[in-house]
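S.K.:
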Amino acid sequence: MSVPPSTLGTQPIGAASRVAGGVFQLKLPVPFPLRFISSYLIREEDGWTVIDPGFDYPPARRVWEEAAGDLGIDLDRDLSRIIVTHLHPDHLGLAGWLEALSGAPVWMLEGEIENARRVWTSGDAAGLEGFLRRNGMNHDTARDVASLTGSEVRMPQEIFALRPGDEVSLGEGSARVIHTPGHSDYHFMLFDEGSGLLLAGDHLLLRITPNIGLWPYTAAKPLGRYLASLRSLRGLGAKTVLPGHGPLFHDLDGRIDELLAHHAERLDVMHAAFEGRPATPFEISRRVFRKDLTAHEMRFALAETLAHLEYLEDEGRAVRLAEDDVVRYAPL
């Protein structure tokens with residue numbers, strides 16, 4: 094039996110709803126199939142804390158302005174902090190805009206600050222194209238896919254560093270910073286033990302799974318680090334999980350078990366996709382993902398395939414072959 098969704102947070106995209114005490118969920122539109130990201134607003138004595146402000150494009154800005162008015166928030170004066178769980182543009186994107194409006198400081202985990210600056214200020218499409226080609230993507234496809242990667246994020250003027258284990262005052266309580274790598278190297282969650290609220294970012298989602306991919310800018314073994322992080326969260330005691338996408342839910346341990354089972358199954362699928370002979374990561378990705386992927390989706394499929402092939406090698410079920418110009422793996 095799958096983990097059921099919460100009855101909280103069922104408002105439509107574009108609206109805000111109270112989900113606990115002084116905590117509100119604002120569903121912001123995004124221009125891709127996920128449809129929305131959940132930003133969380135927490136009432137403080139000196140204003141409001143915003144967690145994951147959303148993707149920077151006009152519809153999301155309009156929703157912010159309308160929702161702020163509905164909640165009695167003046168975006169020029171009432172924001173006290175902006176906290177971002179990780180560097181992806183649907184989470185970090187509007188932090189610079191809100192910082193400029195409000196003067197509120199932006200906070201991220203210290204390693205993610207450096208990663209964000211490298212990803213969003215270098216614009217290294219040529220480096221990405223080479224990475225895609227080394228992993229088996231043909232020249233024309235790699236060029237088209239890499240050309241989609243531009244500066245999608247206007248970085249905040251200044252970002253302050255959080256560290257694992259830090260205690261952050263949050264509303265009427267406080268929350269512990271938990272480093273949860275995998276979806277990004279320095280993704281983190283906030284856990285308020287007193288209320289049982291877990292602000293989970295993209296680490297724990299219901300009905301869908303976060304993309305765990307190996308990219309040119311990520312450290313090795315993201316899937317291994319993700320699975321280890323999931324196992325370490327068993328027994329945390331969270332009563333309500335507030336994710337970055339999809340429904341809220343309450344059964345943390347149940348969802349962890351589902352995610353672990355999902356990746357075990359995906360590893361078996363990847364291994365079977367070798368069909369008994371060596372293959373490039375791109376060839377494997379085209380066998381295990383649907384055929385009608387967009388160029389944008391194709392790069393995420395390849396990155397996820399790479400993370401699973403790397404894990405298969407660590408398990409002794411595959412081996413990376415000596416490279417010429419293109420990476421290949423062979424099944425064991």
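Our numbering puts the first residue of the sequence shown at 94, with every later residue one more than the last. A virtual CB, placed ideally from N, CA and C, is assigned to each residue, including glycine.
1) What does DSSP give as the partner residue(s) for W200 in the beta ladder?
2) I need the straight-line Cα distance from L290 to V362, nearest angstrom please.
3) Please classify H232 as buried or exposed, where buried requires at least 16 other C-beta atoms within 10 Å of its C-beta.
4) Skipping 5 residues on each side, what residues in its chain have a beta carbon closer than 8 Å to that of E203?
5) Which residues mark the beginning and the end of the alpha helix (DSSP H) in which D237 is found?
6) Taking the CB atoms as reference points, tell me whether A400 and S378 lie closer together than 7 Å.
7) From N304 to I176, what distance separates their C-alpha atoms?
8) Can you list, in chain order, the residues of its chain with a C-beta nearer than 8 Å to that of I349? Leave out the 5 residues immediately preceding and following it.
9) To the nearest angstrom, report how far apart M391 and D385 are at their CA atoms.
10) Look at R227 and V420 and say whether their C-beta atoms are less than 7 Å apart.
11) Who pairs with A411 in a beta bridge, going by DSSP?
12) For I130, tell me which candidate among S173, T100, R174, L187 has the shortest Cα-Cα distance.
13) Does the distance from the CB of D285 to the CB of A268 come in under 7 Å?
14) Can you name, in chain order, every residue of its own chain whose Cβ lies under 7 Å from the Cβ of R136, other than the five neighbours on each side?
15) On a Cα-Cα basis, can you pick out the residue from A239, T311, E260 that is closest to P427?
16) Kindly provide the ranges of any beta strand (DSSP E) runs that are 3 or more residues long and lie completely inside the region 311 to 349, ordered along the chain.
17) Is R383 helix, strand or coil by DSSP?
18) Judging by CA-CA distance, which residue of A396, E397, P340, A415 is the nearest neighbour of S99?
19) From this set, L172, G147, D418, which residue's C-alpha is nearest P182's C-alpha?
20) Measuring CA to CA, which of P122, S195, L121 is closest to T142?
21) Please confirm whether T178 and D149 have their CB atoms less than 7 Å apart.
22) Label E138 either buried or exposed according to how many other C-beta atoms from any shown protein chain fall within 10 Å of its C-beta, with 16 as the threshold for buried.
23) Could you tell me which of Y133, E403, R154, L414 sits nearest to K314, measuring between CA atoms?
24) Under the three-state reduction of DSSP, which class applies to I144: helix, strand or coil?
25) What are the boundary residues of the beta strand (DSSP E) that D285 is part of?
26) So, under 8 Å CB-CB, G306 and E397 are touching, yes? Tell me the CB distance rounded to an integer number of Å.
27) Run the CB neighbour count on G229, radius 10 Å, all protein chains shown included, and call it buried at 16 or more, exposed below.
28) Please say whether H355 and T302 have beta carbons closer to each other than 7 Å?
29) Give the range of the alpha helix (DSSP H) segment to which R155 is assigned.
M.R.: In short, the structure shows the following:
1) I176, F253
2) 35 Å
3) exposed
4) A254, L255, R256, Y279
5) 232 to 240
6) no
7) 21 Å
8) L297, L323, R324, L326, R327
9) 9 Å
10) yes
11) P424
12) L187
13) yes
14) G115, G264
15) Absent from the model: residue 427. The displayed extent of the chain is 94 to 425, so no value can be given.
16) 333 to 336
17) coil
18) P340
19) G147
20) S195
21) no
22) exposed
23) E403
24) strand
25) 281 to 285
26) 5 Å
27) buried
28) yes
29) 151 to 164
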